[in-house]
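Below is one structure; the comments refer to it alone.
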Amino acid sequence: MSHSIAILGASGYTGAELVRLIATHGGMEITALGAHSKAGQTMAEVFPHLRHLDLPVMSKIDEIDFSGIDLCFCALPHKTSQGVIAALPRDLRVVDLSADFRLRDPAAYETWYGNPHTAVEMQGEAVYGLTEFYRAEIRAARLVAGTGCNAATGQYLLRPLISAGVIGLDDIILDLICGVSGAGRSLKENLLHAELSEGVQAYAVGGTHRHLGEFDQEFSALAGRDVRIQFTPHLGPFNRGILATGYVRGEAEAIHAAFAEAYAGEPFLRLLPLGQTPSTHHVRGSNFCDIGVAADRIPGRTVITAALDNLTKGSSGQALQNANLMLGEPETRGLMLAPCYP
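Everything in the sequence shown is counted per full-length UniProt numbering, starting at 1 for the first residue and increasing by one.
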């Protein structure tokens, strides 16, 4: 049986990544591609690397007939997704890749995204899409809210340690460097090659990054108390990938053991031997997340690191992983592609 799939926002990076992954899935057929400025164009015109695929022409979202669609991926910008999803048929299963349904508290959404939520009645319905920690809820969900790519990386590093009680909660520091595709495909001056290449820059310094809303929500719920981490993201001169480095108070052996227990049997979370550190090179184009643990020279301090591809495990791969659960497919279907190296 093949599931009929629609992708809204197909002309963006995450939309193209969804097409790339679904092309090898075998149990899904893309029957509708929604776009705005690129409506009327073929996928081959917008993304020539996908020219070998037989795909529908991109159309305006309001021109799509959703009556035969089994699941819709919504890869639209935040503030746009909520209105579009609210207008979709109520029996249509949806995986949203935007930020619009990640935060359970409408007031928190307004704080971090600067405008009131316009589909508040749907926020309570949405299931947070960090697959490894919300599987049961995702299987039964109609609407799944994909995580932020930075938020996913940080949570893979910290959730098991908070749950196991092996780290201090009041002095967690997380640095992260993300490839430029994490900023989307829209033209921006600071993302021009001459502006970005040969340099690295911190941004959203001092606790202003929107993914902190997800960290606050998830870590505090896990700990049963308020947990606020110190987080600084950086923009790197490479296309795709995230490398996160966390500095925590706790013993390296206990931290490594907590990861080993939490991620035993997880197909996409690869714990490295104690003392080894991951690289974005080793996860590029894949749905894997590699995790490393190393003792710091300061007694009782440990450095933890994680690498994933922001477009795959951080976004579109995670979305497909969730869709597999929602449709009763094997969770790994279409996602066991080996990383692309070098």
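All C-beta atoms, glycine included, are put in the ideal place defined by N, C-alpha and C.
A quick note: this is a predicted structure, and the numbers were derived from the prediction, not measured.
CA nearest to the CA of M326, picked from G213, L191, Y134 and V248: Y134
L157 in three-state terms, based on DSSP: In the three-state reduction of the DSSP assignment, L157 falls in the helix class, which pools H, G and I.
Integer Cβ distance of G300 from R249, believed to fall under 8 Å: 6 Å
7 Å Cβ cutoff, S37 in contact with chain B: This model lacks chain B altogether; it includes just one protein chain.
Residue from A260, L50, A306 and P89 with nearest C-alpha to A244: Closest in alpha carbon position to A244, among A260, L50, A306 and P89, is A306.
Contact belief for P160 with F259 at Cβ below 8 Å, rounded distance in angstroms: 6 Å
Per DSSP, the bridge partner or partners of D54: Its beta-bridge partners do not exist; DSSP assigns none.
DSSP bridge partner residues for A290 (one or two, in chain order): The sequence shown places Asp at residue 290, not Ala. When DSSP reads this structure, D290 sits in a beta bridge with R270 and A307.
CB contact flag (G179, G246, <7 Å): Result no, Cβ atoms of G179 and G246 do not sit closer than 7 Å.
Neighbourhood of A108 by C-beta distance below 8 Å, restricted to the same chain and skipping five residues each side: Excluding residues within five positions, the ones whose Cβ falls inside 8 Å are G213, D216 and Q217.
Ranges of the alpha helix (DSSP H) found wholly within the UniProt domain "Semialdehyde dehydrogenase NAD-binding" (4-141), counting only runs of at least 4: 13-22, 43-46, 81-86, 106-113, 120-123 and 135-139
Meets three-Cβ-pair contact criterion under 8 Å: the segment 223-235 and the segment 252-269: Result no; under three Cβ-Cβ pairs closer than 8 Å.
Given 8 Å, three or more beta-carbon pairs between the segment 57-75 and the segment 312-327: yes
Contact belief for L76 with S59 at Cβ below 8 Å, rounded distance in angstroms: Their Cβ separation, rounded to whole angstroms, is 14 Å, which puts L76 and S59 out of contact at 8 Å.
For A221, the nearest candidate out of K38, L169 and L21 (CA to CA): L169
Beta-carbon proximity of H25 to G334, cut-off 7 Å: yes
D96 and A16 closer than 7 Å at C-beta: no
The segment 306-324 contacting the segment 272-286, beta-carbon criterion three pairs below 8 Å: yes
Proximity to Q318 [Cα-Cα], best of H52, G129, S81 and M28: If we check each option's Cα against that of Q318, G129 comes out closest.
Buried or exposed by the 16-neighbour rule on C-beta atoms within 10 Å, applied to N115: exposed
Beta-carbon contacts of T232 that lie in its chain and below 7 Å, excluding the five residues immediately before and after: D175, A202 and V205
Coarse secondary structure for L176, derived from DSSP in three states: The three-state reading of DSSP puts L176 in strand, counting E and B together.
Test item: CB-CB of L103 and A126 under 7 Å: no
Supposed close pair L33, L50 - CB separation, criterion 8 Å: A Cβ-Cβ separation of about 11 Å leaves L33 out of contact with L50 under the 8 Å criterion.
Bridge partners - V144, DSSP secondary structure assignment: V95 and V127
Helix, strand or coil at I167 according to DSSP, with G and I counted as helix: coil
E198, buried or exposed, once every other Cβ within 10 Å from all chains shown has been counted against 16: Exposed, because fewer than 16 other Cβ atoms sit within 10 Å of the Cβ of E198.
Contact check, T131 vs N322, beta carbons under 7 Å: yes
Neighbour-count burial assignment, V46, 16 or more Cβ in a 10 Å radius: buried
Contact set for I177: own chain, Cβ-Cβ below 6 Å, skip 5 residues either direction: H234, G236 and L243
Bridge-paired residues (DSSP) for R301: R249
Residues that DSSP places opposite I242 in a beta bridge: C178 and L308
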